[in-house]
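Undergrad: Sending over a structure as structure tokens; questions will come in a sec.
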Amino acid sequence: MQLLKQTRHLALALAGFSLALPVADACTRLVYLGDNQNVITARSMDWKTDVATNLWIFPQGMQRSGEAGPGSLKWTSKYGSVIATGYDISTTDGVNEAGLSANLLWLVESEYPPVHKGKPGLSIAGWAQYVLDNFSSVAEAVAVLETEPFTVVTAQVPGESRLATLHLSMSDASGDSAIIEYIDGKQVIHHDRRYQVMTNSPAFDAQLAMNAYWESIGGTVMLPGTNRSADRFARASFYVNAVPKSEDPRSSLASVFSVIRNVSVPYGITTPGEPNISSTRWRSVIDHKRGLYFFESAVTPNTFWVDLNRIDFSKATGAVKKLDLGPDQSTIYSGEVSNRFQVTPAFKFEGA
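Take the sequence shown: its letters are residues -20 to -1, 1 to 332, numbered as in mature numbering (1 follows the signal peptide of the UniProt record, and there is no 0).
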């Protein structure tokens, strides 16, 4: 009886939460902490239309601009990386040669601070790349980001009239995690190895509070089953810790793929009037220990991967390269594909 009463209360709260939010796009990110130092990060990219994703290799020594107009942030890439783009104007997902990953997900509550005179600007399109270029661990990145060395500058989503509202997750080969959000114009950093899961709305503090309810029930008793952000958060949190902690990396990868597929949205699903629900376009899985970046499109039959150990990231001889995934990421690849990338001029981050 008590459980039924709690469930009704939660249902009413979630119903009010749903009505309060505009339609937005969705994703899920999770970190598996296995035995024998197996750390695996997975994410889904959920979007209502083709996000025009391709994969890129970036070497060390690239000269970067924050692309936020006069006074933009400038830096030179310290680490090489393999990344997935959004529209070939932004880095939305990736991992660097040191094993640090960065993922951008939608958060409608995001509100970025006004540009401050004298503080360099960084286009939101280059936010994740800045992290991948400069840091080898979550702790190192957080130590710098806490000083707020730049102002994140957002812009309109390509082909739409709304601004990009995103939050950033990071994870590394040690299993450390951090979530970076901008709420009411202020940077909020959640840094802890326990923060294995991130979805979308509401803000991360509220996600943790809502998930505490499901933890009190226990995932073997009942789990929420819809595609909504809070429900995906609860399922991912339970399953990423319930799957076996195998020392066999193949078994670990199989478990992680199973979890990220479980919280994906079936291809073709649209739910008018519901927040944070869009079809899963693709999934990525990063094996931090072995330096592997796996990619799985929703519209192709194969999962393929990039072995970062086979890539020349050096400043002297490394090159910018692109793997064209085609419309809707429909080009079929299989196996290890580092030799399929083609030398290509680097794209420019969207900005001023």
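No residue lacks a Cβ here, since even glycine has one placed at the ideal position from N, Cα and C. These figures come from a predicted structure and were not determined experimentally.
In three-state terms, what does DSSP make of Asn191?
TA: Your numbering for residue 191 matches position 211 in the sequence shown. The answer is helix: DSSP assigns Asn191 an H, G or I state.
Undergrad: Out of Asp152, Lys28, Cys7 and Asn114, point me to the one whose CA is closest to Glu140's CA.
TA: Residue numbering aside, residue 140 sits at position 160 when the sequence shown is read from its first letter. The candidate whose alpha carbon is nearest that of Glu140 is Lys28.
Undergrad: Between the alpha carbons of Phe115 and Lys295, how many angstroms are there, rounded?
TA: Position 135 of the sequence shown, counted from the first residue, corresponds to residue 115. Position 315 of the sequence shown, counted from the first residue, corresponds to residue 295. If you take the alpha carbons of Phe115 and Lys295, they lie about 16 Å apart.
Undergrad: Determine which residues share a DSSP beta bridge with Tyr219 and list them.
TA: For this step, residue 219 is matched to residue 239 along the sequence shown. Answer by DSSP bridge pairing: none, since Tyr219 is not bridged.
Undergrad: Can you tell me which of the three DSSP states Asp15 falls into?
TA: Sequence index remark: in the sequence shown, residue 15 carries index 35 (1-based). In the structure shown, Asp15 sits in coil (DSSP, three-state: anything other than H, G, I, E or B).
Undergrad: Could you give the distance in angstroms between the alpha-carbon of Ile163 and the alpha-carbon of Arg230?
TA: Reading the sequence shown from its first residue, position 183 is the one you call residue 163. Reading the sequence shown from its first residue, position 250 is the one you call residue 230. Roughly 39 Å separates the two Cα atoms.
Undergrad: Pull up the CB-CB distance for Ala108 and Leu125, whole angstroms please, since I reckon it's below 8 Å.
TA: Residue numbering aside, residue 108 sits at position 128 when the sequence shown is read from its first letter. Residue numbering aside, residue 125 sits at position 145 when the sequence shown is read from its first letter. No, Ala108 and Leu125 are not in contact; Cβ-Cβ is about 12 Å, not under 8 Å.
Undergrad: Compare the C-alpha of Pro93 against each of Ser117, Pro129 and Lys58 and name the closest.
TA: Residue 93 sits at position 113 when you count from the first residue of the sequence shown. That would be Pro129, whose Cα lies nearest to the Cα of Pro93.
Undergrad: Can you list, in chain order, the residues of its chain with a C-beta nearer than 7 Å to that of residue 333? Leave out the 5 residues immediately preceding and following it.
TA: The first residue shown for the chain is -20 and the last is 332, placing residue 333 beyond what the model contains.
Undergrad: Give, in chain order, every unbroken run of the alpha helix (DSSP H) that is at least 4 residues long and sits entirely within the region 22 to 52.
TA: Counting only runs of 4 or more, we get nothing.
Undergrad: Throw me the rounded Cβ distance for the Ile20 and Asp267 pair, which I believe falls under 8 Å.
TA: Residue mapping note: residue 20 aligns to position 40 of the sequence shown, counting from 1. Residue mapping note: residue 267 aligns to position 287 of the sequence shown, counting from 1. About 6 Å; that satisfies the 8 Å criterion.
Undergrad: Where in the region 284 to 325 do unbroken runs of the beta strand (DSSP E), each at least 3 residues long, occur, reported from the N-terminal end onward?
TA: 301 to 303, all fully within the region 284 to 325.
Undergrad: Put Phe275 into one of helix, strand or coil per three-state DSSP.
TA: To locate residue 275, count along the sequence shown from 1; it is residue 295. Reduced to three states, the DSSP call for Phe275 is strand.
Undergrad: Taking 8 Å as the cut-off, decide whether the C-beta atoms of Val31 and Val286 are in contact.
TA: One-based indexing of the sequence shown puts residue 31 at position 51. One-based indexing of the sequence shown puts residue 286 at position 306. Against a cut-off of 8 Å, the Cβ pair of Val286 and Val31 comes out as no contact.
Undergrad: Mapping DSSP to helix, strand and coil, what is Gly101?
TA: Numbered from 1 along the sequence shown, position 121 holds the residue referred to as residue 101. Reduced to three states, the DSSP call for Gly101 is strand.
Undergrad: I need the DSSP call for Ala121, collapsed to helix, strand or coil.
TA: By one-based count along the sequence shown, residue 121 stands at place 141. The answer is helix: DSSP assigns Ala121 an H, G or I state.
Undergrad: Just to confirm, are Ser117 and Leu80 a CB contact at a threshold of 8 Å?
TA: Against the sequence shown, residue 117 aligns to sequence position 137. Against the sequence shown, residue 80 aligns to sequence position 100. Yes, they are a contact pair.
Undergrad: What is the rounded straight-line gap between the Cα of Asp152 and the Cα of Phe274?
TA: Position 172 of the sequence shown, counted from the start, is the residue given in the question as residue 152. Position 294 of the sequence shown, counted from the start, is the residue given in the question as residue 274. Each residue's alpha carbon lies about 16 Å from the other.
Undergrad: In three-state terms, what does DSSP make of Arg106?
TA: For this step, residue 106 is matched to residue 126 along the sequence shown. Inspection of the sequence shows that residue 106 is occupied by Gly rather than by Arg. Helix.
Undergrad: For Ala121 and Thr260, what's the separation of their Cα atoms in angstroms?
TA: The residue you call residue 121 lines up with position 141 of the sequence shown. The residue you call residue 260 lines up with position 280 of the sequence shown. Their Cα atoms are separated by approximately 29 Å.
Undergrad: Ala82 bridges to which residues according to DSSP?
TA: In the sequence shown, residue 82 corresponds to position 102, counting from 1. Bridge partners of Ala82: Gly74 and Met150.
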